[in-house]
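Taking it in order: structure first as C-alpha cells, then the write-up.
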Amino acid sequence: MMALALEQAGCVLGTQREAAVVIVNTCAVTGEAQAKTRKAIRHAANLPQHPWVVATGCVASLFAPELKALGSNVVVEPNKAQVASRALELLGADVPETGQDAKPAEALPHNHAFATPTGRTRPGIKIQDGCDNHCTFCIVWKARGHSRSVELEQVLREVRAAQQRGAQEIVLTGINLGNYRAHRPDGTELALPGLIDEILTQTDVGRVRLSSIEPPDVTDELLDVMASADSRVARFLHVCLQSGCDRTLHQMGRVYNTSLFAHMADRARQKMPNISLGTDLIVGFPGETDQDFEESLAFCKSMSFSRMHVFRYSRRPGTPAAARTDQIAPTTIAARSAQALELAQEMRAYEAEKLVGKRELVVVQDRGRAVSGGLFDVLVDDSCAQNSLIEVQIARMLSDTTLDGRT
Ligand code: SF4
1363 MMALALEQAG
1373 CVLGTQREAA
1383 VVIVNTCAVT
1393 GEAQAKTRKA
1403 IRHAANLPQH
1413 PWVVATGCVA
1423 SLFAPELKAL
1433 GSNVVVEPNK
1443 AQVASRALEL
1453 LGADVPETGQ
1463 DAKPAEALPH
1473 NHAFATPTGR
1483 TRPGIKIQDG
1493 CDNHCTFCIV
1503 WKARGHSRSV
1513 ELEQVLREVR
1523 AAQQRGAQEI
1533 VLTGINLGNY
1543 RAHRPDGTEL
1553 ALPGLIDEIL
1563 TQTDVGRVRL
1573 SSIEPPDVTD
1583 ELLDVMASAD
1593 SRVARFLHVC
1603 LQSGCDRTLH
1613 QMGRVYNTSL
1623 FAHMADRARQ
1633 KMPNISLGTD
1643 LIVGFPGETD
1653 QDFEESLAFC
1663 KSMSFSRMHV
1673 FRYSRRPGTP
1683 AAARTDQIAP
1693 TTIAARSAQA
1703 LELAQEMRAY
1713 EAEKLVGKRE
1723 LVVVQDRGRA
1733 VSGGLFDVLV
1743 DDSCAQNSLI
1753 EVQIARMLSD
1763 TTLDGRT
C-alpha cells in the first residue's frame, strides 16, 4: 500500500545507494528484530549521498526519540499511511548536515526520485492493521493499536494494480488477518472469507495467499472458500501456534488451546487433503519447564508442519511476560531452539517428500526457481517466464527444502 501510494505520487524505485529518501519499515516483534531495524536506519543515515531516512512501523511508534537520535537526517513517521506524503515533503526540503563529510542530497524531481512498488513476484497487499488481542509476550498490539481494516474497493484497487505490474499471486497481509472487518458497497459486513471471495470474483488474479492467521480464525467458512476456490487460493495456512503446551498457552494469554488447534488442523485436512500447514513457535517463554517444552514439541510433531518458524522468547520491556521473575536462562533457550529447529527440518523434509509424484501449481520467482502453494522451493526449467503461474510434476526432492519440478 505504501509502495502504491508512492508510485501514484510519481516516485520511482531506486537502490539505497541512489535514493533521495530511504524508508525503513521497523519491526519490534523481538529484541533481535528491533536491533536489526536500528542498524538499518543507522546504515541508511550514513549512506554517501546522505538521504532522508523515514522510519515507520512498530519501533517508530514505540521509540521515536531514540530513532531520531540516530541521525539528523532521520525522520520518524509511525503512520504508514502518511509515509508517502512525508517522503514527498522531504524531497523538497534540504537535508541537514550531520558531519564534515556529509554531502547534502539533491532534491530530485518527484518523477525521478524514489521508490515504486517493487518487482516482487508475490506482492503483499495489506488489508488490516492493529490487534485486539493482548498476548502477554507481545508489544506489537501496543505499537499498532486496535484492529482496523482496509475497505473492499481499496483492496481490489491494490490487487488490480499488482496484476498490472505482472503479479500472478498476491499475499494478503495484516497484523491479525482474522480481525478483518469491512463493508461491501451495499453496506453488508465483510469478513476475511467474504473478502477472498470478492477478490476471486471481481479480479482474475491467479492465486491469493494468506500471510498468517490465528487458530480461532480458521473457520469452516474460511476453509470452504479456500477449498472451493481450488487452485486460486494457495493450499497453505500459516497458523500461529506459539506453544504446543496448554499451560504455556494460557500464560501467554493466547485465546485457544491445543485441542482447538488440532481440531482446526483436522478440519483443514479433511476439506483439503493437500493443504500444508505452517506455524510460529516460541521457545523459552518465562516459566516454561522442560516438561512443558517437551509437550510443546510433541504436539508440533503431531501436527506435521511443513514450515515452523522457531523464535527464542525475547523479553519486550513493558509486557507482562517481561516482568515475570521466572525467566529462562539464555543457554536453555538456545538448546530448546536448536531442538525445535531440528524438528522443524524433519517435518519439512517429511512433508516435501509427500509431494514427489504430485502435480503442483508454482509461481516462477526468477530464472529457474519457483515457489509452490505450500511454499516449497521448486527448481523449474530456465525457460519458464518470471512471474508465470505454471503446473509442474514434482520429480524428486533435491534437498529438504527444494524440489525438482518438471513442466
Ligand atoms: S495476536 Fe497476540 S502476538 Fe499476534 S499481534 Fe496480537 S497480541 Fe501480538
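Just so we're aligned, residue 1363 is where the sequence shown starts under the numbering used here, counting upward by one. Beta carbons are placed, not taken as given, at the ideal position from N, Cα and C, and that holds for glycine.
By the C-beta density criterion, GLY1767 is buried, having at least 16 other C-beta atoms within 10 angstroms. Sorting ASP1491, GLN1632, GLN1516, PRO1635 by C-alpha distance to the C-alpha of ARG1506 places ASP1491 at the top. Rounded to the nearest angstrom, the Cβ distance from THR1769 to ASP1739 is 16 angstroms, too far for a contact under 8 angstroms. Distance from the Cα of LEU1453 is smallest, within the candidate group PRO1440, ASN1435, LYS1442, for ASN1435. A Cβ-Cβ contact shorter than 9 angstroms links ASN1541 with ASP1494. Distances between the C-beta of HIS1612 and the heavy atoms of the ligand SF4 are all 8 angstroms or more. Secondary-structure assignment with DSSP links THR1641 through a beta bridge to MET1670. The ligand SF4 never approaches PHE1673 closely enough for any of its heavy atoms to be under 8 angstroms from the residue's Cβ.
When the five nearest sequence neighbours on each side are left out, the beta carbons in the same chain lying within less than 6 angstroms of the beta carbon of ALA1544 are those of SER1511, GLU1513, LEU1514, LEU1552, in order along the chain. Between GLY1433 and ARG1404, the gap from beta carbon to beta carbon is short of 9 angstroms.
Beta bridge pairing from DSSP links TRP1414 with VAL1383. Your pair LEU1584 and LEU1554 checks out as a contact, with CB atoms roughly 6 angstroms apart and the cut at 8 angstroms. The Cβ atoms of SER1638 and GLY1736 sit closer than 9 angstroms to each other. Annotated three-state conformation of ALA1544 is strand, per DSSP.
Going by DSSP, PHE1738 is part of no alpha helix (DSSP H) at all; its letter is neither H nor E. By the C-beta criterion, the segment 1520-1531 is judged not to be in contact with the segment 1692-1707, since fewer than 3 inter-stretch pairs fall below 8 angstroms. Apart from sequence neighbours up to five positions away, no residue of its chain approaches ASP1652 with a beta-carbon distance below 8 angstroms. Secondary structure note for LEU1534: its beta strand (DSSP E) is the uninterrupted segment 1531-1535. Distances between the C-beta of VAL1416 and the heavy atoms of the ligand SF4 are all 8 angstroms or more.
At the C-beta level, CYS1602 and GLU1576 come within 9 angstroms of one another.
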